[in-house]
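Below: one structure, written as structure tokens.
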Amino acid sequence: MENAYKLEFAEEQAGSLSLSCCGCSKTEPLHSFGPALKPHFLIHFVLNGKGMFSTGNKEYFLEAGHGFLIEPGELAFYQADEKDPWTYVWVGFGGSAAKEYMEKLGLSRKHPVFSSEKQDELYACVRNMMEHNTSGVANDLRRNGELAVFLSLIASGVSARETDEEDRANAYVRKAVNFIQSNYCNPIKVTDVADFVCVNRSYLYTLFENSLNMSPQKFLSTYRITRAAELLQTTEIPVESIALSCGYNDALVFTKAFRQMKGMSPTAYRREMKKGETRHNREQLLQIESFIRQIRELNQ
Numbered sequence: 001m002e003n004a005y006k007l008e009f010a011e012e013q014a015g016s017l018s019l020s021c022c023g024c025s026k027t028e029p030l031h032s033f034g035p036a037l038k039p040h041f042l043i044h045f046v047l048n049g050k051g052m053f054s055t056g057n058k059e060y061f062l063e064a065g066h067g068f069l070i071e072p073g074e075l076a077f078y079q080a081d082e083k084d085p086w087t088y089v090w091v092g093f094g095g096s097a098a099k100e101y102m103e104k105l106g107l108s109r110k111h112p113v114f115s116s117e118k119q120d121e122l123y124a125c126v127r128n129m130m131e132h133n134t135s136g137v138a139n140d141l142r143r144n145g146e147l148a149v150f151l152s153l154i155a156s157g158v159s160a161r162e163t164d165e166e167d168r169a170n171a172y173v174r175k176a177v178n179f180i181q182s183n184y185c186n187p188i189k190v191t192d193v194a195d196f197v198c199v200n201r202s203y204l205y206t207l208f209e210n211s212l213n214m215s216p217q218k219f220l221s222t223y224r225i226t227r228a229a230e231l232l233q234t235t236e237i238p239v240e241s242i243a244l245s246c247g248y249n250d251a252l253v254f255t256k257a258f259r260q261m262k263g264m265s266p267t268a269y270r271r272e273m274k275k276g277e278t279r280h281n282r283e284q285l286l287q288i289e290s291f292i293r294q295i296r297e298l299n300q
């Protein structure tokens, strides 16, 4: 059994991040839940006592200051300790950005457990959610605002989690790729990418070679030229403007880089694309599609 105060909202609000339920429980010895599924993301945070959380054939023994994530559709089980049963708060949530936020926090089915020293603040967030428990725009906004604060507290107070070397490497590469995708139009260099990811340039080189079979510089150049090729095919923008749009301040440097990768100048490439479905045209399109697909697979 458990002494619980909880709220469940009949309809999840549309948006990037929205609260579905919340509550606080003081459990009896050996009180358990599951194995069962939930339709939304669910985070429990232990205020005091101890218990066990199980998912994916792994068991985690947790105490005050620890929390765990259950993803939608994930079979999970948790149980209070026999001698020192836990008290915890929980929040259930969804929204278009929920999964992305969990990834940024480093929480997933593979790494569902975290720790934080923000017990009082996390409890206060849930208490404020429960105090604004009626329907209406004001309370909806307040509850979702408290949810955002709850997650930000986890992000700021979370302790380092154990991850294997492969996970860390993939995270660095994804972060670097996302940075390049967002900033290729600016005159960034590989050192800027390395500084953003917080690794040295030589280590970033090793990560890219292992993950993408190319150096960071090659990836940056390929991404820029790929975007430039798309603009040459789909617009009538002058070559000089396309160069600037893809991070090249010098049109001659852009033309040289484009020729090295595509075997022809930007002007010749545009002219070739206008001829129709020639063999060379199709090959160029396949190269672009293949590179973009490779990036998308990396970000999945």
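Just so we're aligned: 167 in our numbering is position 167 of the sequence shown, and the numbers increase by one with no gaps anywhere.
Ideal Cβ positions, reconstructed from N, Cα and C, are used throughout, including at glycine.
Nothing here was measured: the structure is a model prediction, and the numbers come from that model.
Determine the direct distance from the alpha carbon of residue j to that of residue i, and round the result to whole angstroms.
| i | j | result |
| --- | --- | --- |
| F33 | S116 | 23 Å |
| S18 | T267 | 49 Å |
| N249 | A124 | 51 Å |
| F93 | N210 | 36 Å |
| I43 | H66 | 11 Å |
| V89 | G136 | 24 Å |
| R161 | Y101 | A caution first: R161 carries a pLDDT of 47, below 50, which makes its placement in the model too unreliable to give a value. |
| M264 | Y184 | 22 Å |
| M1 | I188 | Low per-residue confidence applies at M1: pLDDT is 42, beneath 50, and the placement is therefore not dependable, though the value from the model is reported in the following sentence. Whole-angstrom Cα-Cα distance: 58 Å. |
| P85 | Q79 | 9 Å |
| E146 | P238 | 49 Å |
| S182 | T234 | 20 Å |
| T55 | S108 | 11 Å |
| S20 | H31 | 23 Å |
| L122 | I225 | 47 Å |
| L212 | R259 | 22 Å |
| F254 | R142 | 50 Å |
| N178 | T206 | 18 Å |
| M214 | V91 | 42 Å |
| N170 | T134 | 43 Å |
| C198 | A176 | 10 Å |
| Y75 | G95 | Strictly speaking, residue 75 in this sequence is Leu, with Tyr absent from that position. Looking at the two C-alpha atoms, the distance is approximately 20 Å. |
Since residue i and residue j should fall inside the 8 Å C-beta cutoff, what is the C-beta to C-beta distance between them, to a whole number of angstroms?
| i | j | result |
| --- | --- | --- |
| M52 | F61 | 5 Å |
| T87 | K26 | 5 Å |
| F219 | F208 | 6 Å |
| L47 | A64 | 6 Å |
| A138 | S16 | So it is not a contact: roughly 19 Å between Cβ atoms. |
| Y269 | K262 | 6 Å |
By Cβ distance below 6 Å, which residues in the same chain neighbour residue i in space, the five residues on each side in sequence not counted?
| i | result |
| --- | --- |
| K38 | I70 |
| G73 | L37 |
| F68 | H44, F53, P112, V113 |
| H132 | N139, R142, R143 |
| F77 | G34, P35, S54 |
Using only alpha-carbon positions, find the residue among the options that is nearest to residue i.
| i | options | result |
| --- | --- | --- |
| T222 | R201, C246, K83 | C246 |
| K99 | A171, E74, F41, G145 | F41 |
| A257 | V149, F68, A229 | A229 |
| V126 | E236, L151, R270, R224 | L151 |
| Y172 | P216, T255, L30 | P216 |
| V149 | I242, A138, K118, K175 | K118 |
| G23 | V253, A97, N128, K110 | N128 |
| R174 | E103, Y269, E28 | E103 |
| P29 | E82, L75, K58 | E82 |
| K110 | M214, I180, R227, K58 | K58 |
| R227 | I180, E272, A176, C198 | I180 |
Excluding the 5 residues flanking residue i on each side, which residues of the same chain have their C-beta closer than 8 Å to its C-beta?
| i | result |
| --- | --- |
| E240 | A251 |
| L105 | F114, L151, I154, A155, V158 |
| L315 | A question about residue 315 goes unanswered here, because the residues of the chain that appear run from 1 up to 300. |
| T191 | R201 |
What are the partner residues of residue i, as DSSP defines its beta bridges?
| i | result |
| --- | --- |
| L42 | I70, G92 |
| C125 | Answer is none; C125 lacks a bridge partner. |
| S32 | Q79 |
| F61 | M52 |
| L153 | DSSP, once it has assigned bridges, lists no residue as partnering L153. |
| L212 | None; L212 has no bridge partner. |
| V113 | F68 |
| L19 | F93 |
Enumerate in chain order the residues of its own chain whose CB-to-CB distance from residue i is below 7 Å, with the five nearest sequence positions on each side excluded.
| i | result |
| --- | --- |
| A194 | N200, R201, L204 |
| N186 | G247 |
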